[in-house]
Every structure is written in structure tokens, then in C-alpha cells.
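So the protein lines, in turn, are chains A and B.
Take 0 as the starting number for the first sequence in numbering that gives the first Met the number 0 and just add one per residue.
Take 0 as the starting number for the second sequence in numbering that gives the first Met the number 0 and just add one per residue.
Below is one structure; the comments refer to it alone.
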Amino acid sequence: MAQERFDAIVVGAGPAGNAAALTLAKGGLKVLQIERGEYPGAKNVQGAILYADALEKLIPDFRDDAPLERHVIEQRIWMMDDTSHTGMHYRSDDFNEERPNRYTILRSQFDRWFSSKVREAGAILLCETTVTELLKDSRDRVIGVLTDRHGGPILADVVVLSEGVNGLVGQRSGLRDELKPKTVALAVKETHFLPQEVLENRFNLTGDAGVVIEAMGTITQGMTGTAFLYTNRESLSVGIGCMVADLAAAGVTPYSLLDRFKRHPSIAPLIAGSEVKEYAAHLIPEGGYNAMPEIFGDGWVVAGDAAHLVNSVHREGSNLAMTSGRIAAETIVWLKRRREPCTKEYLAEYHRRLEASFVLKDMKKYRKIPDVLHNNPQLLSLYPRLLSNAAQAFFRVDGQDKKTKETQILKSLRKQRGIGGLIGDAMKMARAWR
Amino acid sequence: MHIVVCIKQVPDSAQIRVHPVTNTIMRQGVPTIINPYDLFALEEALRLRDKVGGEVTVLTMGPPMAEDALRKALGIGANRGVLLTDRFFAGSDTLATSFALAQAVRKIGETWGAPEVVFTGKQTIDGDTAQVGPGIARRLGLNQLTYVAAINAIDLEAGTIAVARRAEGGVQELSTKLPALITMLEGTNEIRRGTVPDVLRAARAKIEVWNAAAAGITEVGMCGLRGSPTVVKRVFAPTPRAAKAEQVEAKDRPYEAVAEDVMERIFAAQPAMEAELMRTAAGY
Ligand SMILES: Cc1cc2nc3c(=O)[nH]c(=O)nc-3n(C[C@H](O)[C@H](O)[C@H](O)COP(=O)(O)OP(=O)(O)OC[C@H]3O[C@@H](n4cnc5c(N)ncnc54)[C@H](O)[C@@H]3O)c2cc1C
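Structure follows, in C-alpha cells:
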């Protein structure tokens, strides 16, 4: 049988792979996309936040038919201790704009829709097919892929590795190291169904508007991590995640954390009466810029979670995935037009373009955060407690004069952490943030 | 040799959710699959083709998205897919479905050669009637072999096929003249995984999409809701019986004693039955 050859093979049909395959196909290339799931999104039973901007750059009129749940008009950031939360809420009618900026979505539906656009653009999609390894020539250049199906390898000029966080293909092909427990978080998530009316009353919502809660504090029992609750149309996505190394060291299962989070007095009433329908666990690459593997080489590029492109401070992943997938593909289309080969030398252009975009700028900005959080567990355990104590002392009316109250609050801060500690923590965070 | 396999796209019952509030089935987002029983038919058809040569055409009637099921069948190795889709077919019961499918099989025969064998699964997981296969056979005048566990031999020259059929109390070895319709039993083979060339061809294949007219169906009154005498009056979950099942100890006891025990308990609950049986026995 004559060997068929593609201009590009894209591994995976998540946000990164779909963005890449769409851009390549629109650029007129002969594209093959390979997804191991039964259909795109089959392996992705999670609720998530979609950042409109990254998708708009790929599909400007996505709002016409994408399966969107709610646009976000209110963000709550909660510092939690065991019985309380201290929150910052931002709600604005300005978010009820014609082209909202953030949406809640259900990934299984969204990924399927996204993939339909990719196929409309002319890419060929093979599902239920796992790429097992990259095919290399004698000079170590990638020239195609091997799959778990009989019938031989599939050849291509370039392979886009958008296989998600595990990066097994890259690893097996010797392009990268194994994931380290210190650089990945394990998140568990549930979908809780609630009648739409109940949900809207409970969160003070009308129409398609939605609320997002991000929470941190003693809920992660001293480990680096966060929890979240997103409102979908008639369900809530509730989850929590912690660094794998922390979970292992503490001997805590993520599910027990989620269970505790759900029983927290600030969360329990929000999910009361709901029915849990889906449970999922997934890794998130949270090691930041310093944990990134090589992202280009002879005949290959890496995009999305596989490239470790997640901004854990701002809880952004899919937008970095889409943007890196798009930029990788634009680079390949550009090289094809100029009739340049997809060698390491030429594909370095992908890295340059990524550096010029928000993707690597943001990754670099927060490069120290993972280490700071890892080395200073007090930031997520002591401070929420102090904050909570301070708020309670401040709001409780008990005949104590305010001056004494303030002195007591300050004293307790100093006692628990010491002036040096307080100042040190502030400086560390400030430096990591810069 | 030309083989036609009729398949149906069904909701994946393993992933169906019931709305916690309204108690209705939530179809949105429920993935669809090829009716699992049909996969045994498809695999048997492919094996037959691989043995004696020829082509396998997969046929389905359903909404436009049933094209996915056909494409999947092509990826497993079938040669061609035909989708029968028309609003006239909406609401078909087994009578109307077998009418439409029979017409489509006839049209497939006119277009690509009359099939020697038509396959269906034993039944579907969303209807469970097992009537559509026999209905097609009857309408097309095909010999029918239902609940087939294995195909033992096929002789195209002599125009005969021999099969093993699972029946109550044992296995029947049957042979009949071609053309024949076979409904395939579950667990009889294992569906293969298509090769890379198979799945690539499937991804690009043009599916034949036929409306009623294209399939040569003029009597639309025989199709869809109008052609369906079956009426679903009510769907309900059976209420569990209040009484607990009784248990009879059987371990290490002579079976006569166990049987006697069982009879005694039955008769205790159903004295009329005992009397009736006694009278019948007296008549011998
Ligand atoms: C609980 C949780 C909540 C999150 N919430 C958000 C959020 O709110 N907003 C946000 O922007 N991000 C969020 N993220 C991060 C976001 O999900 C990821 O950054 C994003 O999915 C990365 O996209 P990707 O395409 O790189 O990888 P994935 O989405 O993981 O896609 C990879 C695809 O490749 C396929 N694949 C893998 N290996 C192979 C192989 N060998 N052969 C063939 N196919 C293969 C997989 O099946 C999968 O479909 C969240 C993550 C988690 C775990």
C-alpha cells in the first residue's frame, strides 16, 4: 500500500490540538488529527472557564453556536479557614456585554463542538486511536507517528504534540522528561445538578449570567492548591486541586479534600439538594515556566498542557493552550508558504512568537510563584486563619472599644508570624509577582 | 458476494442520565453508539467477506447524525455506508422500520448488486423487540435465520448457508438457501479494530444519504408515525414486589427433597393451583 503523507499531524483534540488543526487546515495544509478518546471531549468530563479572547482569534463568531453555559458577571475570591471565609467579590453589569469575556462551559460538549469546526475546515480526525510514539529517521528527525492500530505508521512533515499534561508520546520518544510530582497538581471535580431556577435564586442570577468562586486557605490542609465552584446552566462544577508532591507527602486523597470542601459551612448551602452526576480527576501542569520542556525540535512542536503552559495564579489553561496551538500552527503555515523545512532551526520561530505573546510573558512573570508557595506553606494556612480572626474581631460588637480591638488584631498577627516573618512573606510574594 | 448489514445508532445507555427533578431522560450530551448487538452482525459479515470476497454495505435509518455510526462501521472495515433519512421516517415502529429498511435493501441491491446475505443484530438496546430483522426478511422474501451463534459454511455455488442457531434447550444446526437474513446473537465474535488505512478511508468516505424518494419509497403512508400501528400508551418503572423471595436450602440435599420443599411452598401460597394439578394428574 502506498504510504500516505500529511503536511502535519496533530496529536490530541483538546483546546490546543483543535486550535492547531483548525489553523493548519484553514492555512490550506493537509492535516490529520488523532485523538485517543471515543470522540473529542470524551476524556474531558469537566466544567471550566472559557476565555473568549483566545477563541475569538480562532472562531470570531463562536458565540453563534458554541455550547456555552453562562457568561461570568461575578467573581468571588475566598480565603477560607475551617468555619469562615473572607471574600472579595466583584460583580458588574458591565460584564453583561454583547461579547462577554468569560464563560462557563462543559468541556465534553465544548470540545465536540470545537472539533466539528476543525473538520469543517478540512482536517481529518481519527478518534479511538492512540499515538504511541513518534517515528524518527536516521538523523533523529520526526517524520510521523505510530499508533495503536495495525496498518503501519503515518507520515507527516511536522507533528504538533498537543497531547495534554501527561506528555507520554513526547516522553516515550525521548523529547522530554517524566512529569515531576512537584510540578503537577491533581484536581478532582464533580458536576452537581440543580434545577435552573434554584440555582439562579441561590446565586442571585438572571438569564445567562453566572458566578465563579475561587477559594484557598485551610481547605487544602496546608498544601499548595485551590478550590473552585462554577455555575453552569443547570449544574455546578465543584472541585479542588493540590500539588501531587504535597498530597503524597501528607498522605491525603484529593477526594477527601473535596468532601471536606463540600461540607464547609460556606459551601454546603450552595450545593444543598443537588445531585452529583460526574466525577473526574485530572492533572494540571502547575510547575510554571521553569518546568516547561523543550517545545520544538526537528519535525515537532509542543503546545498546551503538554508544553506545561498553565498560569496557575490566574487559573488559565485552555486559553494558553488555544493560543499556543494557534501560534504553532501559524508558524508551520508560514514556513510552508515560504517553502522552508520544519526543522528545529526554522521551528524556533514558534518559540519567538510565543515569547512575543501574552503566553510566555505571563509564564515568565509568575515563574517564581510555584516555588514560593511550595516553600512557604504558611501563605495558604496561617494567613487565611489570621484574616478570618481579624475580620471576626472587627465585626463582632461586644462592648470592646475599637482601639483595643485593632491593637489585639495586630498583636495576634505579630505573635503568630513575627514581624520578620510578615515582612518576609510580603516581600517574597511581591518579588514573585513582579 | 454482497452483504448488507443493518445497524442502528442508539444512545449509550451506560451514559444516560435521568434529570433529578423532572425524572425525564436527559438526551443532551449523551453520546451515541452503534447498537452493541449490531457489532456482532458487522463482524460476522466482515469475516464472511474476508473469506469469500465481495463487499459489505452498512445501512442505517435515522437522523442525519446517524452518519457517525456509518462512518464508524466503515472505520471497522465495511466498504460502503447508506443513510436512510427523511422526516417521513420519524416515529417509525418496527413495522414501519422494517418496511423502509426492506425498500432500502432492495434499492441497494439494484444499485450495487443483490445481496446474498442481509445481517442484523439480535435486537436493539433501546427497543428490545427483535422484530425488525424478521420483518425485513418477510418483506423481501428472504429465508430467515434468527439468533445465529456461528456461520458454519457458505457455498455460493450451490447457494446455501449453514449456521448454528441458539434455541431453547440447545443448539440447532440449520442450513438454508440464499439469499438469507441472519440476526446475530451477542457474544459470538469480537469486533475487530480497523487498520490505519480503514480509518483514514472512513474519515474521507462519502456516505450515501437517501431520502424516501431516493430509496424508491413512494408509499410514505407506510412510513414513520403514519405507518406505525404501535402506540406507546405509557412508560413507567415497575414497582418492586412487596413480598420477599423465599429461599430453599439445596446444598447437600437430595434433589427430590428440594423439589418437594419447593412444591410445598408453592402450594401453600397457591392452593387453587394444587387442586388443579391434582385433578389433571387424576385424569392420566
Ligand atoms: C479540574 C480542572 C479545571 C480546570 N479549569 C480550567 C478553567 O476553568 N479554565 C481554563 O482555561 N483551564 C482550566 N483547566 C486547564 C485546562 O483544562 C487545560 O489547560 C487545557 O485542557 C489544556 O488543553 P490541551 O489541549 O493542551 O490538553 P487536553 O485538554 O488535556 O487535551 C489533550 C487531548 O489529547 C488526547 N491525547 C492524549 N494523549 C494522546 C495520544 N497519545 N494519542 C491521541 N490522543 C491523545 C487526550 O485524549 C485529550 O483529548 C482546568 C483543568 C482541570 C484539571
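C-beta: ideal position from N, C-alpha, C; glycine also.
Along chain B, which residues have their Cβ under 8 Å away from the Cβ of residue i?
i, result
"Phe-198/A", "At residue 198/A the sequence reads Leu, which differs from the Phe that was named. Within chain B, no residue comes near Leu-198/A; the closest Cβ sits about 11 Å away, beyond 8 Å."
Give the interface partners of residue i over in chain A, defined as CB-CB distance under 7 Å, in chain order.
i, result
"Arg-192/B", "Arg-148"
"Val-198/B", "Leu-125, Thr-128 and Arg-148"
"Asp-202/B", "The question names Asp, yet the displayed sequence has Ala at residue 202/B. In chain order: Ile-123, Leu-124 and Leu-125."
Tell me, please, which residues DSSP counts as bridged to residue i.
i, result
"Tyr-50/A", "Arg-101/A"
"Phe-118/B", "Val-4/B and Ile-181/B"
"Arg-4/A", "Leu-154/A"
"Ile-123/A", "Leu-31/A"
"Leu-160/A", "Val-10/A and Val-301/A"
"Ala-10/B", "What sits at residue 10/B in the sequence shown is Pro, not Ala. Pro-10/B is bridged to Thr-31/B."
"Pro-284/A", "Val-183/A"
With a threshold of 7 Å, establish whether the CB of residue i neighbours any heavy atom of ligand 1.
i, result
"Leu-178/A", "no"
"Pro-39/A", "yes"
"Asn-43/A", "yes"
"Leu-167/A", "yes"
"Ser-161/A", "yes"
"Val-164/A", "yes"
"Arg-281/A", "Arg is not the amino acid found at residue 281/A; the sequence shown has His there. Under cutoff, so the answer is yes."
"Val-130/A", "yes"
"Arg-325/A", "no"
"Thr-85/B", "Looking at the sequence provided, one finds Asp at residue 85/B rather than Thr. It does not: the Cβ of Asp-85/B is nowhere closer than 7 Å to a heavy atom of ligand 1."
"Val-10/A", "yes"
"Tyr-349/A", "no"
"Asp-304/A", "yes"
"Ile-33/A", "yes"
"Asn-100/A", "no"
"Lys-276/A", "no"
"Arg-165/B", "no"
"Lys-404/A", "no"
"Glu-315/A", "yes"
To the nearest angstrom, how far is the alpha carbon of residue i from that of residue j?
i, j, result
"Leu-54/A", "Phe-61/A", "7 Å"
"Asp-258/A", "Ala-390/A", "26 Å"
"Pro-133/B", "Gln-122/B", "10 Å"
"Arg-175/A", "Ser-91/A", "44 Å"
"Gly-420/A", "Trp-299/A", "47 Å"
"Leu-173/B", "Asn-151/B", "9 Å"
"Ala-244/A", "Ala-47/A", "24 Å"
"Leu-28/A", "Ala-7/A", "7 Å"
"Phe-118/B", "His-149/A", "26 Å"
"Leu-178/A", "Arg-413/A", "39 Å"
"Lys-188/A", "Pro-268/A", "18 Å"
"Val-158/A", "Val-10/A", "7 Å"
"Ser-387/A", "Ala-247/A", "28 Å"
"Phe-202/A", "Glu-285/A", "30 Å"
"Met-0/A", "Ala-19/A", "Interpretation of Met-0/A is limited by its pLDDT of 49, a score under 50 that renders its predicted location unreliable; no figure is taken from the coordinates."
"Tyr-283/B", "Gln-143/B", "40 Å"
"His-263/A", "His-307/A", "32 Å"
"Lys-435/A", "Thr-217/A", "Absent from the structure is residue 435/A, since the part of chain A shown begins at 0 and ends at 433."
"Thr-56/B", "Arg-203/B", "16 Å"
"Ile-190/B", "Asp-297/A", "39 Å"
"Thr-205/A", "Pro-194/A", "14 Å"
"Val-170/B", "Gly-186/B", "15 Å"
"Ala-89/B", "Val-247/B", "50 Å"
Can you pull the chain A neighbours of residue i, defined as C-beta to C-beta under 9 Å?
i, result
"Val-208/B", "Near Val-208/B there are no residues of chain A at all, since even the closest Cβ is about 17 Å away, more than 9 Å."
"Val-9/B", "Result: empty, since nearest Cβ-Cβ is about 14 Å, beyond 9 Å."
"Val-247/B", "Under the 9 Å cutoff, chain A gives no residues; its nearest Cβ is about 40 Å from Val-247/B."
Kindly examine ligand 3 and report whether one of its heavy atoms sits closer than 7 Å to the Cβ of residue i.
i, result
"Val-309/A", "Judged by which ligands are present, ligand 3 is missing from the structure shown, whose ligands are ligand 1."
Near-chain B residues of the stretch 32–64 of chain A (beta-carbon distance less than 9 Å), N- to C-terminal order: Glu-37, Tyr-38 and Ala-41
Proximal residues, the stretch 150–161 of chain A versus chain B, C-beta separation under 9 Å: Gly-150, Gly-151, Pro-152 and Ile-153
Contact residues within the stretch 2–13 of chain A, judged by C-beta distance below 8 Å to chain B: Glu-3
Near-chain A residues of the stretch 29–58 of chain B (beta-carbon distance less than 7 Å), N- to C-terminal order: Pro-30
Residues in the stretch 100–132 of chain B having any Cβ partner in chain A nearer than 9 Å: none
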